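Everything in the sequence shown is counted per the working numbering, starting at 198 for the first residue and increasing by one. Below is one structure, written out as structure tokens; the observations come after it.
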Amino acid sequence: MRSCELSAIKYLLFAFNVLFVISGIGIIIAGALILSDVGEFKHFMEGRILAPPVVLIVAGCIVFLIASLGCYGAIRESYYMLMAFAVCLLVIFIIELAVGIAAAVYQNDVHKSLKELMKDSLDRYDTSTPDRSSWDNLQAKLKCCGVDRVTDWEQGKRPPSCCHRPRDGAAEPSPQECRNAKPNEDILYSTGCFDMIEMKARDASKVLIGVGIGIAFVEVIGVLLACWLASAIKERS
Numbered sequence: 198m199r200s201c202e203l204s205a206i207k208y209l210l211f212a213f214n215v216l217f218v219i220s221g222i223g224i225i226i227a228g229a230l231i232l233s234d235v236g237e238f239k240h241f242m243e244g245r246i247l248a249p250p251v252v253l254i255v256a257g258c259i260v261f262l263i264a265s266l267g268c269y270g271a272i273r274e275s276y277y278m279l280m281a282f283a284v285c286l287l288v289i290f291i292i293e294l295a296v297g298i299a300a301a302v303y304q305n306d307v308h309k310s311l312k313e314l315m316k317d318s319l320d321r322y323d324t325s326t327p328d329r330s331s332w333d334n335l336q337a338k339l340k341c342c343g344v345d346r347v348t349d350w351e352q353g354k355r356p357p358s359c360c361h362r363p364r365d366g367a368a369e370p371s372p373q374e375c376r377n378a379k380p381n382e383d384i385l386y387s388t389g390c391f392d393m394i395e396m397k398a399r400d401a402s403k404v405l406i407g408v409g410i411g412i413a414f415v416e417v418i419g420v421l422l423a424c425w426l427a428s429a430i431k432e433r434s
């Protein structure tokens with residue numbers, strides 16, 4: 198291969214790795230934002246629900262480091278460094294694929310376990326401070342009440358976090374009014390919290406899938422370019 202062609206591949210791989218560094222930073226930011234958004238309600242979630250954004254953050258850090266290796270290998274025209282770079286990218290790609298498949302397989306189990314955790318936590322509302330504060334925060338933030346519906350709370354035991362002003366300018370419902378309100382009264386949030394928190398988890402999953410597909414595409418290109426340049430360097434030497 199002529200030196201000009203080799204140089205073209207080298208600088209193409211270098212430019213790709215600069216893009217890869219930027220994408221690594223983007224992955225870290227996306228994972229952190231998702232973890233912050235969903236993690237606010239981690240009291241109701243098992244570790245496996247929060248695992249994907251954590252994996253994304255770790256993958257972003259690794260991508261950032263590996264991209265540096267790719268840049269250095271391209272500049273030095275080192276066959277072994279480029280092959281190490283390609284192998285590392287391939288390993289990350291396989292791990293991401295495995296995490297994606299596992300997330301899809303366990304989706305129904307996560308659905309069931311989330312609802313069970315929420316029901317158990319609601320039963321402990323009167324006896325556990327962490328459960329009480331978590332439910333009050335969840336209902337106030339997501340504007341919901343109970344696990345599936347308002348009637349999950351016994352009338353007379355419903356917390357004030359289930360209530361809201363029925364319209365602008367109306368008075369804030371008192372704790373007594375909230376406890377004794379009929380299920381169809383407009384001072385009560387009508388949506389169950391399970392649907393709201395599951396919707397948040399689904400939105401996070403869509404972002405994770407989109408970012409995962411994007412980075413997988415970049416990784417495949419990186420492996421091909423690194424192998425191409427490594428092969429050209431070996432052929433020249």
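Yeah, the Cβ is synthetic: ideal placement off N, Cα and C, and Gly gets one too. Just so we're clear, the structure is a prediction, and the values are computed from it rather than from any experiment.
Around the beta carbon of G353, fewer than 16 other beta carbons lie within 10 angstroms, which makes this residue exposed. The C-alpha of D392 lies about 12 Å from the C-alpha of K309. In this structure, the CA atom of I410 is about 19 Å from the CA atom of L232. For G419, the closest C-alpha among the options V302, Q373 and N214 is that of N214. Under the three-state reduction of DSSP, C360 is assigned to strand. Rounded to whole angstroms, the Cβ separation of V347 and P370 is 13 Å, and the two are not in contact under 8 Å. Cβ-Cβ distances below 6 Å link L314 to F241 in the same chain, with the five nearest sequence neighbours on each side left out; the list follows chain order.
In this structure S318 is buried. Its beta-carbon is surrounded by 16 or more other beta-carbon atoms within 10 angstroms. Counting along the chain, no alpha helix (DSSP H) covers W350, and no H or E run does either. Here G389 really is in contact with C341; their C-beta atoms are around 6 Å apart, less than 8 Å. A check of alpha carbon separations from R329 across L210, A212, F238 and I430 identifies F238 as the nearest. Counting other Cβ atoms within 10 Å of its Cβ, E432 stays below 16 and is therefore classed as exposed.
CA-CA distance, V408 to C424, rounds to 24 Å. Check the Cα spacing between R399 and each of L311, L385 and I430: the tightest is with L311.
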